[in-house]
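Asker:
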Ligand code: PLP
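In my numbering, the protein residues as written are 3 to 416.
Below is the structure:
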């Protein structure tokens, strides 16, 4: 019998450690309930969530509208099979396609699956539309990328933690420096390139923003060289950075848009690849698929999750609160220049870089102190703390959180 409701934090951690693969290194906090911007541990301690499940929970934990849609659909029809039509998929595809301005949508589950699907789509387009010789297609990826954990995806990773002892890797990638237009221009001269693949802001790398104008220039270069621009907005998309997509800041419309995470508001794994007919229709029946991709439950949840973004003006809230947050953190940096090196981000995807090496423990210790004080954040790459709360946060809550963060920084003894 599973007695989930009864076990306390200590036992929950012991069980994960004993029976689970050790593929994560969590902050030692156990969570048993979520509501809006808050998470609670089994003993009832309340925390502000400043990670939002890596930006999946933009709409806040257990959003009533999304959970309502989930329950209603779960009682009606959850999964059929793509061997048949169902009455949810088409209307959901129409809703998502029109929402983001594309002809067509391919629904998948995880962010990694959507990225894998995009890679397959790009290669197929390269052979069938661009005329690249068989098995020669190249995808240009960039250093510091994070697109997921499959073998195909990590074949383009520059992070040794992701790649060590997982080889041999998939060929067909050229990896160039992120943010550098000169190397991009040179790489695009190769006629066997089918796509450029990047994040508009690198979330996992530590909220790394490319220089202003980079995305627009890459879009122009891609058009010039007849290469698809594939933008992974799995983490940056769906209002996180203060616009529907981070690409919107430069009026860039990728040929292939990759979404995940907040597409379901943290309720189910739902991801999607969007493209116009010229690209999407290269995939024919039987050539790609997923048992759960676009199931009726995911469809109902995704539509509700996207409606919430617009109904609650979450993009605008992200802009306003993001500015407030960064201004406050810059003030804290003035007070503790020995601790804080950089404050950066856009909307509510922000990072504070602390004065330590990547191997150091300062960011971890600070996060432990945040948790102690009722706020959950986690270091990425050792010395960078990402701050990404649900977008449903109020101004009063944000001010409360800034006070907590400031207190921890001011009291920290390095
Ligand atoms: N792409 C980006 C930009 C991400 O940040 C992530 C996850 O953090 C992924 C893809 C992978 O998504 P998933 O973990 O759902 O496979």
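All C-beta atoms in this analysis are idealised placements derived from N, C-alpha and C, irrespective of residue type, glycine included.
Is the separation between the beta-carbon of residue 249 and that of residue 233 shorter than 8 Å?
Answerer: Looking up residue 249 in the chain shown gives position 247. Looking up residue 233 in the chain shown gives position 231. Closer than 8 Å, so yes.
Asker: Fully enclosed by the region 376–408, which beta strand (DSSP E) runs are 3 residues long or longer?
Answerer: Listed in chain order, the complete beta strand (DSSP E) runs (minimum 3 residues) inside the region 376–408 are 380–382, 386–389.
Asker: Taking the beta carbon of residue 388 as the centre, do at least 16 other beta carbons fall within 10 Å, making it buried, or is it exposed?
Answerer: Taking the first residue of the chain shown as position 1, residue 388 is located at position 386. Classification of residue 388: buried, given that the 10 Å Cβ count is 16 or more.
Asker: Among all residues, which have a Cβ less than 6 Å from at least one non-hydrogen atom of the ligand PLP, and in what chain order do they fall?
Answerer: Those residues, listed in chain order, are 56, 112, 113, 114, 117, 148, 149, 150, 201, 205, 206, 234, 236, 237, 262.
Asker: How about residue 385 and residue 349: are their beta carbons less than 8 Å apart?
Answerer: As a first step, residue 385 must be located in the chain shown, where it is residue number 383. As a first step, residue 349 must be located in the chain shown, where it is residue number 347. No, Cβ-Cβ distance for residue 385 and residue 349 is not below 8 Å.
Asker: Report the rounded CA-to-CA distance for residue 44 versus residue 403, giving the unit in angstroms.
Answerer: For the purposes of this step, residue 44 is identified with residue 42 of the chain shown, where counting begins at 1. For the purposes of this step, residue 403 is identified with residue 401 of the chain shown, where counting begins at 1. So the two alpha carbons sit approximately 22 Å from each other.
Asker: Taking only the alpha-carbon atoms, compute the straight-line gap between residue 144 and residue 262 and give it to the nearest angstrom.
Answerer: Taking the first residue of the chain shown as 1, we reach residue 144 at position 142. Taking the first residue of the chain shown as 1, we reach residue 262 at position 260. Cα-Cα distance, rounded: 20 Å.
Asker: I want to know whether the region 129–137 touches the region 82–99 - three or more CB-CB distances under 8 Å.
Answerer: At 8 Å Cβ cutoff, the stretches do not touch.
Asker: Indicate whether residue 56 and residue 237 have their beta-carbon atoms separated by less than 8 Å.
Answerer: Locating residue 56 in the chain shown gives position 54, counting from the first residue. Locating residue 237 in the chain shown gives position 235, counting from the first residue. Closer than 8 Å, so yes.
Asker: List the endpoints of the continuous beta strand (DSSP E) containing residue 302.
Answerer: Here residue 302 is taken as the residue at index 300 of the chain shown, counted from 1. Premise fails: residue 302 lies in the alpha helix (DSSP H), 298–313, not in any beta strand (DSSP E).
Asker: Would you mind stating whether residue 53 and residue 42 have Cβ atoms separated by less than 8 Å?
Answerer: For this step, residue 53 is matched to residue 51 along the chain shown. For this step, residue 42 is matched to residue 40 along the chain shown. No, the pair does not count as a contact, with Cβ atoms beyond the cut-off.
Asker: To the nearest angstrom, how far is the alpha carbon of residue 354 from that of residue 292?
Answerer: For this step, residue 354 is matched to residue 352 along the chain shown. For this step, residue 292 is matched to residue 290 along the chain shown. Cα-Cα distance, rounded: 38 Å.
Asker: Taking a contact to mean a Cβ-Cβ separation below 8 Å, would you say residue 243 touches residue 332 in this structure?
Answerer: Working through the chain shown from its first residue, we reach residue 243 at position 241. Working through the chain shown from its first residue, we reach residue 332 at position 330. No, Cβ-Cβ distance for residue 243 and residue 332 is not below 8 Å.
Asker: Among the candidates 154, 28, 247, whose CA atom is the shortest distance from the CA of residue 321?
Answerer: Against the chain shown, residue 321 aligns to sequence position 319. Ranking 154, 28, 247 by Cα distance to residue 321 puts 247 first.
Asker: So what does DSSP say about residue 410, is it helix, strand or coil?
Answerer: As a first step, residue 410 is located in the chain shown; it is residue number 408 there, counting from the start. It is helical.
Asker: Where does residue 77 fall in DSSP's three states?
Answerer: Within the chain shown, the letter at position 75 stands for residue 77. In this structure, residue 77 counts as coil in the three-state DSSP scheme.
Asker: Look up residue 8 in the DSSP assignment and say whether it is helix, strand or coil.
Answerer: The residue you call residue 8 lines up with position 6 of the chain shown. The answer is coil: DSSP assigns residue 8 none of H, G, I, E or B.
Asker: If we count Cβ pairs, one from each stretch, closer than 8 Å, do we get three or more for the region 198–209 versus the region 261–275?
Answerer: As far as the Cβ criterion goes, the region 198–209 does not touch the region 261–275, which means the pair count is below three.
Asker: Pull up the distance between the alpha-carbon of residue 225 and that of residue 339, whole angstroms please.
Answerer: Locating residue 225 in the chain shown gives position 223, counting from the first residue. Locating residue 339 in the chain shown gives position 337, counting from the first residue. Those two C-alpha atoms are separated by around 44 Å.
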